[in-house]
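Q: Residue numbers (the UniProt record's numbering): 1 to 387.
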Amino acid sequence: MLSRRQSRRERHLQKESLVSRNGAILLEEVIKSIGPKYCPYRIFSEKELKIATNCYRSDHILNEDGSYVLYWGIHEYRKILVKKFSDRSINNISRIIDDFVISLQIRNHKNVLTILGCCIETEFPILVYEYSSKKTLSNLLHDVTVGKDTLPLENRPLALSWESKLRIATEIADAVTYMHISTSTPIIHRDIKPINILLDGRNVVKLFDFALSLKIPLGEDHVEAEVAGTFGYLDPEYFNSSQLTEMCDVYGFGVLLIEILTETKPREFKCLRDLDLTDEEGSSSVSELDNASAVPVLSSKTLDQNEGDLTPSEFSRSFSLARANDLYSKKCILEVSLKINKLGEGEIKQLMECTILALECTKYNPKERPSMKEVTEKLRRIKTMTC
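1. What residues in its chain sit with their C-beta under 8 Å from that of L334, if we drop five residues either side in the sequence?
2. Looking at the structure shown, is K215 part of a helix, part of a strand, or coil, going by DSSP?
3. Reducing DSSP to helix, strand and coil, say where F85 ends up.
4. With DSSP as the reference, label C248 as helix, strand or coil.
5. Since A228 and S67 should fall inside the 8 Å C-beta cutoff, what is the C-beta to C-beta distance between them, to a whole number of angstroms?
6. Tell me the DSSP secondary structure of E263 in three-state form.
7. For residue 463 and L357, what's the separation of their Cα atoms in angstroms?
8. What number of angstroms, rounded off, separates the C-alpha of Q243 from the C-alpha of K134?
9. What is the rounded straight-line gap between the Cα of E377 and the Cα of G254?
10. Measuring only the C-alpha atoms, how far is Y364 from M247?
11. When the Cα of S164 is compared with those of L343, D221, E64, I187, which residue comes out closest?
12. Is the beta carbon of E237 less than 8 Å from the beta carbon of P366?
13. So H180 is in the alpha helix (DSSP H); what residue range does that whole segment cover?
14. With distances taken between CB atoms, is the gap from L198 to S132 smaller than 8 Å?
15. Report the rounded CA-to-CA distance for T122 versus I348, giving the unit in angstroms.
16. Going by DSSP, what residues sit across from C118 in a beta bridge?
17. Could you give the C-beta distance for I126 and V82, rounded to a whole number, given that I count them as a contact under 8 Å?
18. Within this structure, are the beta carbons of A169 and L141 separated by less than 8 Å?
19. Leaving out the 5 sequence neighbours to the left and right, which residues in its chain are closer than 6 Å to I260 when beta-carbon positions are compared?
20. Following the continuous beta strand (DSSP E) through L351, name the residue where it begins and the one where it ends.
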């Protein structure tokens, strides 16, 4: 009996220690970022979140992405989302704190998932958000039906209408632009991809997951940072230099835009081998490759072995190939997009403009890419083109 009481007391003391540690770190970062005047979040207990998610039952899982599992639950008659970090994947609590604090900083944007609060009684803080829906952009683009990828392009079921695709792309760009310009120092998302974009019941974008996001110091145009992100969406210049800039998000968005247009994942885009490297007069344009768009084609064998995580040498080698001859082709993107999307004459013009924009975003040379603000403005103009 004494041993049982002692064990309960030890667990209680451990929980108090975690609350003290996590709470202190959290409060310090929140005050530093948004000021001490008010508390815009709620502290949830561990017990509340266990009840809300049925003890994190598997049928409450909405999304998994290596470092975390996203659950849906019901708390006080209200649906919520609960982001529980994996003990095996997160070894730096500062990333979780950054995720929380940045979510608070940009919570007022309509296309950012609203954070409600957190639980600090666990080893790693658990984040709690408003409920959006049980779907991500990845679900819509790639999980429409079993066997979709085996069908000819023109016979595949349409994931989203053209109007929805254009609106979703514009909303994503607007949210990332907000990160870059709405605070005193730019915030770089660093991991823009479909799985990090939730959609509500009306398919309105809700950007989230800021665990890899970093702020660029005041007066600087970059920050030195260990390379992190998702291969396929990762800026080759950042990979080579470890210098994180706003252009890293522009590149990732460009890849995502191509993915939206073609409904094809970067690692599955096979048209690059058909790239035409001649100009209109038939002369070689290989000398212009430095200014071209560069996205690597990664072999399915390598990806299957590593489940999407390549070693630095494999990734570097794939980008060397990309710069040499595996470049996204405007012709190829248009051909795939036209087969998948059911478009009228005016919409085809919009598609062509979107394709040009995507290729500008993925220029190998970051200095030749537009800013996210320019990208957003361009997409808004494309939306208003007469159809």
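Even for Gly, the Cβ is constructed at its ideal location relative to N, Cα and C.
A: Let me lay it out:
1. L351, M352, T355
2. For K215, the three-state secondary structure derived from DSSP is strand.
3. strand
4. helix
5. About 11 Å; that fails the 8 Å criterion.
6. Three-state result, E263: coil.
7. Nothing about residue 463 can be read from this structure; the chain reaches only from 1 to 387.
8. 35 Å
9. 15 Å
10. Taking the CA atoms as reference points, Y364 sits about 11 Å from M247.
11. L343
12. Less than 8 Å divides the Cβ of E237 from the Cβ of P366.
13. Residues 162-181.
14. Judged by beta-carbon spacing, S132 lies within the 8 Å limit of L198, meaning their Cβ atoms are closer than that value.
15. 52 Å
16. I43, L127
17. 6 Å
18. no
19. K165, A169
20. Counting along the chain, L351 falls outside any beta strand (DSSP E), though it belongs to the alpha helix (DSSP H) covering 345-361.
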